[in-house]
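Quick notes on the structure that follows.
In the working numbering, the protein residues as written are 8 to 290.
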């Protein structure tokens with residue numbers, strides 16, 4: 008329940024909090040890395056033991072197999088989440104068993120205090136070590152600090168792993184949504200090529216062999232780079248057609264324009280060059 012009162016104390020808290028919170032987050036991240044490394048070693052040893060007992064791994068090459076297989080292998084994120092969740096539950100139950108007789112709280116209130124404290128929410132409705140007298144007060148405060156430190160490490164690591172699982176679920180949902188929308192609204196360039204060369208309609212969903220001719224699978228959506236590229240090509244073709252229709256192509260002026268140094272061009276530039284070519288020929 009100690010809080011800064013003076014202006015100097017509050018300013019010091021702000022600057023100290025920047026470094027202190029950053030260092031604490033670094034400590035929690037290192038704790039999670041060490042937990043993952045420990046779990047990887049333990050689970051690899053369990054797997055090797057299982058292979059050895061099942062007879063799939065000869066005893067003579069056990070050490071070589073352990074050194075050569077699974078380089079950089081990490082346990083599954085679901086296994087880590089399960090182990091961290093069980094660890095947090097065990098620590099919370101043990102801490103609640105200590106808080107209930109010492110602080111005089113109900114066991115569910117002690118579990119609630121453990122979650123609020125371990126997750127660093129800190130509502131302040133329940134605060135430990137606030138009574139005037141405790142039996143074995145120094146030992147209780149030491150156990151209180153150790154429980155809080157271990158609980159915060161487990162809960163923080165569990166939150167990180169849960170965020171990874173949530174990200175995987177969201178990516179899976181987005182992939183399903185993109186596949187669902189892609190089957191209905193996919194932009195498939197080269198449909199005219201498919202119709203002209205293979206006798207298929209532009210909306211046919213037949214598989215394609217290559218993407219070099221602008222063909223795509225029916226469930227694949229075009230990327231933004233391909234979309235802008237196809238738009239540029241379509242715009243250039245439209246400008247060329249407008250230029251040809253404005254100048255009455257095909258004309259014999261094309262050969263003379265090259266002789267006079269004027270290139271055909273596209274769009275307004277093509278119209279201007281063709282006019283200049285006609286003027287130079289007439290003169």
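Glycine included, each C-beta is placed from N, C-alpha and C at the ideal position.
Specify the secondary structure class of residue 15 as computed by DSSP and reduced to three states. By one-based count along the chain shown, residue 15 stands at place 8. Residue state, collapsed to three classes: helix.
Let me know the secondary structure DSSP gives residue 132 once reduced to three states. For the purposes of this step, residue 132 is taken as residue 125 along the chain shown, with counting starting at 1. Note: residue 132 maps to coil in three-state DSSP.
At least three beta-carbon pairs within less than 8 angstroms, the segment 154–167 to the segment 117–126: yes
Kindly indicate which residue of 96, 114, 112 and 184 has the alpha-carbon position closest to the one of residue 162. Mapped onto the chain shown, residue 162 falls at position 155. The shortest Cα separation from residue 162 among 96, 114, 112 and 184 belongs to 96.
What's the gap between the Cα of residue 93 and the Cα of residue 55? By one-based count along the chain shown, residue 93 stands at place 86. By one-based count along the chain shown, residue 55 stands at place 48. Taking the straight line joining both Cα atoms gives about 24 angstroms.
Considering only the alpha carbon of each residue, which of 83, 29, 27 and 62 lies closest to residue 44? Along the chain shown, one-based indexing puts residue 44 at 37. Comparing Cα positions, the closest option is 83.
For residue 108, tell me which candidate among 136, 39 and 187 has the shortest Cα-Cα distance. Start at 1 with the first residue of the chain shown, and residue 108 comes out as number 101. Looking at the Cα atoms, 136 is the closest of the given residues.
How should residue 19 be labelled, buried or exposed, when 16 other C-beta atoms within 10 angstroms of its C-beta is the threshold for buried? On the chain shown, position 12 is the one that residue 19 refers to. Its Cβ having fewer than 16 others within 10 Å, residue 19 is exposed.
Could you pull out every unbroken alpha helix (DSSP H) segment of at least 4 residues lying fully inside the segment 114–162, listed in chain order? 114–125
Looking only at its own chain, which residues have a Cβ that is under 7 angstroms from the Cβ of residue 103, when we skip the five neighbours before and after it? Walking along the chain shown from the start, residue 103 turns up at place 96. If we look at residue 103 and ignore the five residues flanking it on each side, its Cβ neighbours are 114, 117, 118 and 121.
Buried or exposed: residue 164, going by 16 or more other Cβ atoms within 10 Å of its Cβ? Mapped onto the chain shown, residue 164 falls at position 157. Answer is buried; the Cβ neighbour count reaches 16.
Residue 82 in three-state terms, based on DSSP: Position 75 of the chain shown, counting from 1, holds the residue named residue 82. Coil, per DSSP.
Here's the rule I'm using: 16 or more other beta-carbon atoms within 10 Å means buried, otherwise exposed. How should residue 99 be labelled? Along the chain shown, one-based indexing puts residue 99 at 92. Buried.
Is the beta carbon of residue 87 sitting closer than 8 angstroms to the one on residue 159? By one-based count along the chain shown, residue 87 stands at place 80. By one-based count along the chain shown, residue 159 stands at place 152. Their beta carbons are not under 8 angstroms apart, which means residue 87 does not touch residue 159 by this criterion.
On the premise that residue 25 lies in contact with residue 90, defined as a C-beta separation below 8 angstroms, what is that separation, rounded to the nearest angstrom? The residue labelled residue 90 in the question sits at position 83 within the chain shown. The residue labelled residue 25 in the question sits at position 18 within the chain shown. Actually they are not in contact, since the Cβ atoms of residue 90 and residue 25 sit about 33 angstroms apart, beyond 8 angstroms.
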